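K.L.:
My structure is below; once you've seen it, I'll send some questions.
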Amino acid sequence: MLVNAKSDLGDLQQEHQREMEGLLENVRQLSRELRLQMLLIDSFIPMEYQDMIERHVHWNEDIGEWQLKCVAYTGNNMRKQSPSRERRRGNEYLEPELSNVYLSYLGDNAEQHQPIARPKVTRAKSGRPKTAVGKSKSARSK
């Protein structure tokens with residue numbers, strides 16, 4: 121009985137030692153990840169913005185995440201809608217004019233430019249009959 125108790129104690133001590141080593145390795149890994157994240161933050165986000173973020177962030181207990189206050193009023197959420205997106209023809213948006221976007225600069229003088237023609241896009245033939253495609257397109261345009 122004493123031998124069984126000693127062997128059980130030895131087994132428990134070994135299991136405890138393995139758990140401790142696993143926890144220490146986990147702490148080391150988390151420390152490495154934290155140092156990497158802090159390096160990235162310090163390298164790419166100015167200190168005044170870091171302070172501003174820290175002032176405006178709060179912990180949400182319901183979802184278990186940090187959240188920024190008033191995030192709906194930031195970035196692209198506040199971008200003005202361009203008039204070209206609001207113009208619509210039927211159910212389709214108008215395609216923007218891009219003929220002056222594709223330019224080629226020749227020679228030493230960068231002011232000389234010629235528009236490059238966009239290549240025609242050809243679509244692969246589908247297995248559907250032509251009449252089925254034509255009917256669905258004409259029904260949408262009416």
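Residue numbers (the working numbering): 121 to 262.
All C-beta atoms in this analysis are idealised placements derived from N, C-alpha and C, irrespective of residue type, glycine included.
In this text the structure is predicted, and so the values were computed from the model without any measurement.
(1) Could you give the DSSP three-state label for residue 185: helix, strand or coil?
(2) Rounded to the nearest angstrom, what separates residue 133 and residue 143 at their Cα positions?
(3) In whole angstroms, what separates the C-alpha of residue 173 from that of residue 152?
(4) Using DSSP's beta-bridge definition, name the partner residues of residue 176.
(5) Please list the terminal residues of the continuous alpha helix (DSSP H) segment that includes residue 123.
(6) What separation, rounded to the nearest whole angstrom, lies between the Cα atoms of residue 139 and residue 186?
P.N.:
So, from the listed chains and residues:
(1) Correct three-state label for residue 185: strand.
(2) Here the alpha carbons of residue 143 and residue 133 stand approximately 15 Å from one another.
(3) In this model, residue 173 and residue 152 are separated by some 23 Å (Cα to Cα).
(4) Beta bridge pairing from DSSP links residue 176 with no other residue.
(5) Segment 122 to 164, the alpha helix (DSSP H) holding residue 123.
(6) Approximately 30 Å, taken between the alpha carbons.
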